[in-house]
Amino acid sequence: MITLGTQGKNTFLEAVNVKSGANVLECYQCGKCVSTCPVSQYMDFPPREIMQMIKLGLRNECYMANSHWFCLTCSACSGRCPREIDIPAVMEAVRHLAIEENTINTSTKVKEIRKFHQIFLEMIKRYGRNYELRMMAEFNIRTRNLFKDMHLAPKALLKGKIPLGVKPLKSAKAIKRMYEIAEKLEKKK
Amino acid sequence: MKKLTYFPGCSAHGTSEEFDSTLKLVLKTLDVELEDIPDWNCCGATSAHVMTENLALALPLRNLVLAEKLENTTMGIACASCYQRMKVTKVHMDENPELAKRINTTVVEEGTYQGKVDVKSMLQYAYEDIGLEIIKSKVTKPLTGLKVACYYGCLLTRPKNITQFDSPEYPVSMDQICEALGATATEFDYKTECCGASFSISNTEVVVNLSGQILAMAKESGAHAIVVACPLCQSNLDMRQPDIEKLQGIKYDIPVFYFTQLMALAFGYPIDQLKFPKHIVPVEGALANIGKVVPVPEKIKKPIKAVEAESEVK
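Now the structure itself:
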């Protein structure tokens, strides 16, 4: 059974509104976002339902959903929303709050999506730029899926589509420093 | 001679090297000199903003601050994703002083953000700063007979309040550029649908599905080729095309060009400079249509900007 979190203040709604700069209460549940969303079919709660769950203060249910991990931030929904709500920003706010409170969907797909983003950020921290080949290799190793996309490799490598190396930044230290400061800012809130 | 600050983006040295090199050819013809941002860094792309709030703004900010040290007032960005991250950061920094103060602390060594530099995608730069007339005047080998579906993806025109360029629903800038080159732009309804973007590696199933729909619609529009201005769209539509064909059991054979490749071709650059061998889907079939007579001209498009048309309705 779902218990409503609205006894008194809906702190979840407030947190999402502050973080996203949107006003979720403006949503009148028309569902245009769902029909527009290219990935709503993969979400366990499509955007419209997430909006309503926020209004009801269902913090945990929202955090545990896979929806905000599947959102591609393509902004098709917000472009068509009759209330002009920045829905991708709302999704992003829910995702960031879920990360902060370490309450995250545990499905394999979400794990893989997160792993990809983590590896990408590690590449930038290390080289200042993305090292595509290494990123793909690390992803395959760390998701224990060694042969994923291997059928593409011979063609892509032979054609020089994916280069073997990366030109690291001269000021690679500057990037590491930025990471450290950004991490501190992240903790401050 | 015009000067332009250039942000190539990581993929320019990798998967979209052909975008970068043909862009340079085209701008040489158009008399624009590029000045690279010295020691630029990755904008963080999708991953930074998915995972963190501050780093997602800090990474692009360093490039904006470095760009302000150069003389030019406009920054041209090749990659659509870099463009959007840079523009998002610029808009946030300009409009939210409290946030600007906070994020500025991450780039103290490089300087302080002043908001002097305008950020444009290369498509926007070609359309607004160079203009169709000048592009048309440089064409020596018109692409008559080639029918193209212009695919913009999500990031070049959306969200509207951030990008402030063309229409978020039915943009026409690339179509008009292609027509200036002599090609025919088809009525293509999936112009701004998402290709699956960063799920290319982590969630391939989604990309195969979404990009498959785009290929199907492009084929239905009668196009010989798709034209893009985004490296990720290109690699999803081109590199994943064999997978999509296998899954759907349909042979598409639609090459995916960068708009700069077609521009360079029409400007008369020899074909061996256009990096066509890098494409996974062979381009020869589509290019064979150049020079053939188009039977009946398709629906003639009025050269209006879709944004203006929209505001009139309101």
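Top line first, the protein sequences correspond to chains Y and H. One point on numbering: in our numbering, the residue at position 56 of the first sequence is 40, and numbering is uninterrupted. Numbers in our numbering are just positions in the second sequence, counted from 1, shifted up by 1306. Glycine included, each C-beta is placed from N, C-alpha and C at the ideal position. Note that this is a predicted model, so its numbers are computed, not measured.
Met1392 (chain H) is not a Cβ neighbour of Leu1376 (chain H), given a cutoff of 8 angstroms. Rounded to whole angstroms, the gap between the alpha carbons of Lys1525 (chain H) and Ala156 (chain Y) is 45 angstroms. Residue burial is scored here from C-beta neighbours: Ile1507 (chain H) has at least 16 other C-beta atoms within 10 angstroms and is therefore classed as buried. Going by DSSP, Ile1532 (chain H) is part of the beta strand (DSSP E) stretching over 1531 to 1534. The secondary-structure analysis by DSSP pairs Ser1517 (chain H) with nothing; it has no beta-bridge partner. Separation of the CB atoms of Met27 (chain Y) and Asn50 (chain Y) is rounded to 6 angstroms, and the pair is thereby assigned contact status at 8 angstroms.
Taking a cut-off of 8 angstroms on C-beta distances, the region 1413 to 1423 of chain H does not touch the region 1356 to 1363 of chain H, as fewer than three cross pairs fall below it. In the three-state scheme derived from DSSP, where H, G and I count as helix and E and B as strand, Gly5 (chain Y) is classed as coil. Here the C-alpha atom of Leu1372 (chain H) lies approximately 13 angstroms from the C-alpha atom of Asp1424 (chain H). Within 8 angstroms of the CB of Leu1462 (chain H), no CB atom of chain Y is found; the nearest one sits about 11 angstroms away.
Contact with chain H is absent for Pro152 (chain Y), since none of that chain's Cβ atoms lies less than 8 angstroms from the residue's Cβ. For Ala1455 (chain H), no Cβ of chain Y is located within less than 8 angstroms of the residue's own Cβ. The Cβ atoms of Ala1489 (chain H) and Leu1568 (chain H) sit closer than 8 angstroms to each other.
Scanning the region 1335 to 1363 of chain H from its first residue to its last, the whole beta strand (DSSP E) runs of 3-plus residues come out as 1338 to 1342.
Residue nearest to Phe1494 (chain H) within the set H:Ala1531, H:Ala1503, H:Asn1509 is H:Ala1531 (criterion: CA-CA distance).
Under the three-state reduction of DSSP, Val1562 (chain H) is assigned to strand.
Within the region 107 to 134 of chain Y, the residues whose Cβ lies closer than 7 angstroms to any Cβ of chain H are, in chain order, Ile108, Gly112, Arg113, Asn114, Glu116, Met120, Phe123. Closer than 8 angstroms to the CB of Pro1583 (chain H) there is at least one CB belonging to chain Y.
Note on Arg128 (chain Y): under 16 other CB atoms within 10 angstroms of its CB, so exposed under the neighbour-count rule. Among the residues of the region 135 to 147 of chain Y, those with a Cβ less than 7 angstroms away from any Cβ of chain H are Leu136, Lys139, Ala140, Lys143, Gly144, Lys145, Ile146, Pro147, in the order of the chain. Put simply, the CB of His1319 (chain H) is near chain Y, with a gap under 8 angstroms to one of its CB atoms.
Under DSSP, the beta-bridge partners assigned to Cys1456 (chain H) are H:Val1533.
Of all residues in the region 25 to 56 of chain Y, those with a C-beta nearer than 7 angstroms to a C-beta of chain H are Tyr26, Leu56, reading in chain order.
The C-beta of His1355 (chain H) comes closer than 8 angstroms to at least one C-beta of chain Y. In this structure, the CA atom of Gln102 (chain Y) is about 16 angstroms from the CA atom of Glu170 (chain Y). Ala1386 (chain H) counts as buried, since at least 16 other C-beta atoms from the protein chains shown sit within 10 angstroms of its C-beta.
Around the beta-carbon of Leu148 (chain Y), fewer than 16 other beta-carbon atoms lie within 10 Å, marking it exposed. Among the residues facing chain H, Pro22 (chain Y) is included, as its CB has a counterpart in that chain under 8 angstroms away. In terms of Cβ geometry, Lys1453 (chain H) and Tyr1476 (chain H) do not form a close pair [threshold 8 angstroms]. Counting C-beta pairs closer than 8 angstroms gives three or more between the region 119 to 128 of chain Y and the region 86 to 101 of chain Y, which meets the contact rule.
Taking CB atoms only, Lys1497 (chain H) has no neighbour in chain Y less than 8 angstroms away.
The DSSP assignment places complete beta strand (DSSP E) segments of no fewer than 3 residues inside the region 1398 to 1443 of chain H at 1424 to 1427, in order along the chain. Judged by their CB atoms, Pro1583 (chain H) and Lys160 (chain Y) are not nearer to each other than the 8 angstroms cut-off. Nearest Cα to Ser1443 (chain H) within the set H:Ser1427, H:His1585, H:Ser1327, H:Thr1335: H:Thr1335.
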